[in-house]
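**Student:**
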Amino acid sequence: MAALFADRAAAGRVLADRLRAYAGRADVVVAALACAGVPVACEVAALLSAPLELMPVRRLWVPGQVGVSMGAMVKGAVHVDGKVLLRHGVSALQLDKVISTETVELLRREAMFQGVHDSQLLEGRIVIVVDDGIATGATMSAALKALRQAKPAWVVVAVPVAPARAQDRIDPAADEFVCLESPANFDGIASSYADYRTVTDEQVRRMVELGRRLF
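Every position in the sequence shown, counted from 1, becomes a number in the working numbering once 1 is added.
Spelled out as structure tokens, the structure:
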């Protein structure tokens with residue numbers, strides 16, 4: 002599949018244009034799944050003149066299986082694919098160990114971002130949840146599960162790319178689903194970008210600091 006976007010920032014600008022109906026509203030917050038979704042979300046937040054909320058997310062990988070995801074977690078929520086657990090024979094003890102390990106990393110990232118990120122009040126507000134794409138839906142499902150606990154008024158999932166029927170994987174957690182591209186030959190998020198280099202914690206810090214200076 003040919004690349005659909007030059008990089009995450011370019012995809013974010015196109016996505017922001019699709020979300021113009023939410024521009025200038027005082028009740029809108031853009032929530033970025035960190036780290037990969039932050040370059041996309043920063044462009045959206047800038048165009049909409051909306052504050053940015055960071056939601057660090059961690060993938061849960063099947064032990065001993067490189068690149069095989071069995072779920073994801075954010076602060077306050079874990080999403081696990083039971084079918085993957087059964088297929089790969091993951092025990093409850095193995096799952097608990099992976100969750101424990103990733104919880105430590107999640108706490109580290111939250112502590113690192115605290116110095117540059119002001120947490121936003123989400124209750125009663127419109128929250129636009131942004132990532133660089135959806136593959137299995139695990140990370141977005143975990144984020145939405147946690148987000149619903151904050152009692153937002155309306156939740157919009159906004160991504161540049163996702164496979165066909167991706168919306169079915171996360172409903173009914175989202176009130177609105179915005180996706181720029183759903184290619185029939187979807188081959189993963191990375192193949193949708195010409196430049197898909199890893200987004201580091203330090204890059205996230207710099208992007209958030211720049212965004213704070215713009216408002």
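Where is the CB? At the ideal position from N, CA and C, for every residue including glycine.
#1: Are at least three pairs of beta-carbons, each pair with one atom in the segment 172-187 and one in the segment 127-146, less than 8 Å apart?
#2: If you follow the beta strand (DSSP E) that residue 129 is in, where does it begin and where does it stop?
#3: Given that a residue counts as buried once 16 or more other Cβ atoms are within 10 Å of its Cβ, and exposed if not, what is residue 215?
#4: Counting pairs of Cβ atoms below 8 Å between the segment 148-156 and the segment 80-94, do you hit three or more?
#5: Could you say if the segment 97-117 and the segment 41-48 meet the contact criterion of at least three C-beta pairs nearer than 8 Å?
#6: Should residue 199 be labelled buried (16 or more other beta-carbon atoms within 10 Å of its own) or exposed?
#7: Please report the straight-line C-alpha distance between residue 17 and residue 185, rounded to a whole angstrom.
#8: With a CB to CB cut of under 8 Å and the five nearest residues on each side skipped, what residues in its chain are close to residue 194?
#9: In angstroms, rounded to a whole number, what distance separates the CA positions of residue 27 and residue 88?
#10: Just the Cα atoms here: how many angstroms apart are residue 20 and residue 49?
#11: What does the Cβ neighbour count give for residue 126, buried or exposed, with the cut at 16 atoms within 10 Å?
#12: What does the Cβ neighbour count give for residue 234, buried or exposed, with the cut at 16 atoms within 10 Å?
#13: Should residue 166 be labelled buried (16 or more other beta-carbon atoms within 10 Å of its own) or exposed?
#14: Which of the three DSSP states is assigned to residue 40 in this structure?
#15: Given a cut-off of 8 Å, decide if residue 22 and residue 131 are closer than it, judged by their beta-carbon atoms.
#16: Quick check on residue 106: does DSSP put it in helix, strand or coil?
#17: Can you give the Cα-Cα distance for residue 158 and residue 36, rounded to whole angstroms?
#18: Using a Cβ-Cβ cut-off of 6 Å (strictly less than) and excluding sequence neighbours within five positions of residue 168, which residues of its own chain qualify?
**Tutor:** In short, the structure shows the following:
#1: yes
#2: Secondary structure note for residue 129: its beta strand (DSSP E) is the uninterrupted segment 127-131.
#3: Caution applies to residue 215, whose pLDDT of 48 falls short of 50 and renders its modelled position unreliable; the model cannot decide the point.
#4: no
#5: no
#6: exposed
#7: 23 Å
#8: 4, 5, 6, 7, 8, 9, 12 and 133
#9: Near 46 Å, if we compare the C-alpha coordinates of residue 88 and residue 27.
#10: 8 Å
#11: buried
#12: Examination of residue 234 is not possible in this model, given that the chain is present from 2 through 216 alone.
#13: Exposed, since its Cβ has fewer than 16 Cβ neighbours within 10 Å.
#14: helix
#15: No, the Cβ-Cβ distance between residue 131 and residue 22 is not below 8 Å.
#16: helix
#17: Taking the straight line from one Cα to the other gives about 17 Å.
#18: 178
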